[in-house]
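Residue numbering for the sequence shown follows full-length UniProt numbering, starting at 1 and increasing by one per position.
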Amino acid sequence: MNLEKRVEGWNERITRILGIPWGFLIGAELTIVQSRISLVNKIQKVYRSQGVQIHNRHIEIIVRQITSKVLVSEDGMSNVFLPGELIGLLRAERTGRALEEAICYRALLLGITKTSLNTQSFISEASFQETARVLAKAALRGRIDWLKGVHFGHGTRKWNPRMAPYISAKRKGIHITNLTRTARFLSEACELVFDAASRGKQFLIVGTKNKAADSVARAAIRARCHYVNKKWLGGMLTNWYTTETRLQKFRDLRTEQRTGRLNRLPKRDAAMLKRQLSHLETYLGGIKYMTGLPDIVIIVDQQEEYTALRECITLGIPTICLIDTTCDPDLADISIPANDDAIASIRLILNKLVFAICEGRSSYIRNS
């Protein structure tokens with residue numbers, strides 16, 4: 001943990017100067033930081049007891065916020081701070097050093113208020129208050145959590161020059177995505193899907209690579225969207241008549257299985273139909289309720305799902321595409337520059353879009 005490393009570093013530095021008194025300030029710093037470590041551990045214990053996994057960094061952000069103030073208890077410099085005054089810990093430290101006089105104070109644990117939750121990490125914020133509201137607001141406003149690694153691109157040797165406007169820097173041979181542009185285009189995408197969902201439009205989410213498959217399925221099911229997460233069958237949209245025929249066959253086989261008719265067939269015929277049903281379930285299970293072409297298609301990886309993207313372009317279907325530094329930003333209607341290899345990054349983008357879709361569907365139901 002970062003806080004534990006800081007305490008170890010302080011202890012090493014203090015050990016090298018054992019001949020000098022530690023002083024009130026160093027002792028106070030150690031006490032406060034150790035208290036923060038204890039708080040983080042206790043909060044994590046509660047989360048884990050409920051089966052919730054959250055990284056320590058998100059909790060540390062809030063713990064630092066709620067332990068950032070101290071209460072002045074006794075002070076010889078009455079013209080600087082008054083007894084009972086609530087001041088920042090860093091301000092007390094700097095003032096004491098500048099005036100070479102120790103300020104007596106005691107640490108406070110602030111309440112979980114909107115002020116103490118004012119942080120750039122909306123995941124940290126959501127962990128301590130109304131989770132659904134915070135995440136929904138973050139989705140609609142297109143906020144980016146810097147702790148998710150969204151900004152990491154591919155190596156500088158493998159990149160598309162058209163992505164230059166979306167790259168802010170190079171670091172250790174890796175392109176760094178401009179998160180300002182990511183937030184901007186994600187916000188536009190959220191507004192688009194919110195508006196479409198509020199008018200009852202249908203969505204298709206496509207992401208077939210292993211890292212994205214589970215996230216795509218969960219996000220689509222949560223938002224009641226169609227999805228493809230195993231393999232994109234060529235012509236799935238452009239040859240819709242054939243796809244519709246396969247879907248009807250799939251529905252018929254499912255009906256026969258539920259009613260037990262398959263078990264009454266000869267074993268050879270039943271085994272063949274069950275294999276066919278399993279195959280259709282694998283590749284068409286996510287679109288089994290789709291009765292027509294989707295109104296908007298969300299694509300997780302442009303290069304991996306290039307065939308699907310070309311079919312959407314041919315049919316004029318609006319597309320929202322997650323693109324990395326190796327992609328072409330001009331192909332999709334809205335391209336969101338972000339890391340398309342990290343599971344956390346994929347989930348972050350999908351969760352934002354899904355929350356916007358759910359909000360739009362709620363609006364559509366209320367207005368119906």
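Note that the Cβ used here is the ideal one computed from N, Cα and C, for glycine as well.
Nearest residue (CA-CA) to residue i, options the options
{"i": "arginine 184", "options": "Tyr166, Ile174, Phe194", "result": "Tyr166"}
{"i": "threonine 242", "options": "Thr259, Asp214, Thr291", "result": "Thr291"}
{"i": "alanine 344", "options": "Pro294, Ala213, Arg310, Glu359", "result": "Ala213"}
{"i": "tyrosine 227", "options": "Val216, His279, Arg181", "result": "Val216"}
{"i": "arginine 258", "options": "Asp269, Lys274, Cys104", "result": "Lys274"}
{"i": "cysteine 225", "options": "Ile346, Ile287, Gln303", "result": "Ile287"}
{"i": "leucine 277", "options": "Arg268, Asp341, Phe250", "result": "Phe250"}
Burial state of residue i (16 or more Cβ within 10 Å)
{"i": "arginine 16", "result": "At arginine 16 the pLDDT is 49, less than 50, meaning the model places this residue with poor confidence; the figure from the coordinates comes in the next sentence. Exposed, since its Cβ has fewer than 16 Cβ neighbours within 10 Å."}
{"i": "phenylalanine 122", "result": "Any answer about phenylalanine 122 is weak, because its pLDDT of 48 lies below 50 and its placement is not dependable; what the coordinates show is given next. Label assigned to phenylalanine 122: buried."}
{"i": "serine 73", "result": "exposed"}
{"i": "histidine 279", "result": "exposed"}
{"i": "isoleucine 357", "result": "buried"}
{"i": "tryptophan 22", "result": "Model confidence at tryptophan 22 stands at a pLDDT of 43, short of 50, so the residue's coordinates are unreliable; what they give is reported in the following sentence. Looking at its Cβ environment, which holds fewer than 16 other Cβ atoms inside 10 Å, tryptophan 22 is exposed."}
{"i": "threonine 177", "result": "buried"}
{"i": "glutamine 302", "result": "buried"}
{"i": "proline 329", "result": "buried"}
{"i": "isoleucine 365", "result": "exposed"}
Integer-rounded CB distance, given that residue j should sit under 8 Å from residue i
{"i": "isoleucine 298", "j": "leucine 353", "result": "6 Å"}
{"i": "tryptophan 232", "j": "glutamate 305", "result": "6 Å"}
{"i": "valine 63", "j": "arginine 106", "result": "Contact flag wrong, Cβ pair sits at about 18 Å."}
{"i": "leucine 192", "j": "valine 150", "result": "Between valine 150 and leucine 192 the Cβ distance is about 20 Å, and since that is not below 8 Å, they are no contact."}
{"i": "lysine 211", "j": "isoleucine 346", "result": "7 Å"}
Contact with chain C by residue i, beta-carbon distance below 7 Å
{"i": "alanine 92", "result": "The structure shown contains no chain C; it is built from a single protein chain."}
Close Cβ partners of residue i (< 6 Å) along its chain, the five nearest in sequence each way excluded
{"i": "isoleucine 296", "result": "Ala196, Phe203, Pro318"}
{"i": "lysine 158", "result": "Thr326"}
{"i": "alanine 363", "result": "The amino acid at residue 363 is misidentified as alanine; the sequence shows serine. Taken in chain order, the residues that qualify are Ser198."}
{"i": "glycine 360", "result": "Phe194, Ala197, Ser198"}
Euclidean distance between Cα positions of residue i and residue j
{"i": "tyrosine 289", "j": "proline 161", "result": "40 Å"}
{"i": "lysine 201", "j": "glycine 173", "result": "42 Å"}
{"i": "cysteine 321", "j": "alanine 169", "result": "22 Å"}
{"i": "glycine 207", "j": "isoleucine 221", "result": "14 Å"}
{"i": "glutamine 248", "j": "leucine 262", "result": "17 Å"}
{"i": "phenylalanine 194", "j": "asparagine 56", "result": "32 Å"}
{"i": "threonine 95", "j": "glutamine 65", "result": "20 Å"}
{"i": "isoleucine 205", "j": "valine 300", "result": "8 Å"}
{"i": "isoleucine 349", "j": "isoleucine 61", "result": "22 Å"}
{"i": "glutamine 181", "j": "isoleucine 334", "result": "Glutamine is not the amino acid found at residue 181; the sequence shown has arginine there. Cα to Cα, the separation comes out at about 12 Å."}
{"i": "glutamine 44", "j": "asparagine 339", "result": "28 Å"}
{"i": "arginine 246", "j": "glycine 285", "result": "11 Å"}
{"i": "glycine 235", "j": "serine 38", "result": "57 Å"}
{"i": "glutamate 130", "j": "isoleucine 59", "result": "Annotation note: pLDDT 45 at glutamate 130 (below 50); position unreliable, no value reported."}
{"i": "alanine 223", "j": "glutamate 244", "result": "23 Å"}
{"i": "aspartate 252", "j": "glutamate 311", "result": "27 Å"}
{"i": "isoleucine 87", "j": "methionine 163", "result": "46 Å"}
{"i": "isoleucine 336", "j": "glutamate 256", "result": "43 Å"}
{"i": "arginine 91", "j": "asparagine 41", "result": "27 Å"}
{"i": "lysine 267", "j": "arginine 254", "result": "17 Å"}
{"i": "tyrosine 283", "j": "glycine 260", "result": "23 Å"}
{"i": "alanine 308", "j": "leucine 186", "result": "21 Å"}
Own chain, CB closer than 7 Å to residue i, minus 5 neighbours either side, in chain order
{"i": "tryptophan 240", "result": "Leu293"}
{"i": "leucine 315", "result": "Leu237, Thr238, Leu293"}
{"i": "lysine 209", "result": "Asp301, Glu304"}
{"i": "alanine 270", "result": "Leu262, Asn263"}
Beta-carbon contacts of residue i that lie in its chain and below 8 Å, excluding the five residues immediately before and after
{"i": "threonine 156", "result": "Lys170, Gly173, Ile174, His175"}
{"i": "isoleucine 85", "result": "The identity of residue 85 in the sequence shown is glutamate, whereas the question assumes isoleucine. Correct list, in chain order: Leu71, Val72."}
{"i": "isoleucine 313", "result": "Thr319, Leu331"}
{"i": "leucine 265", "result": "Leu273"}
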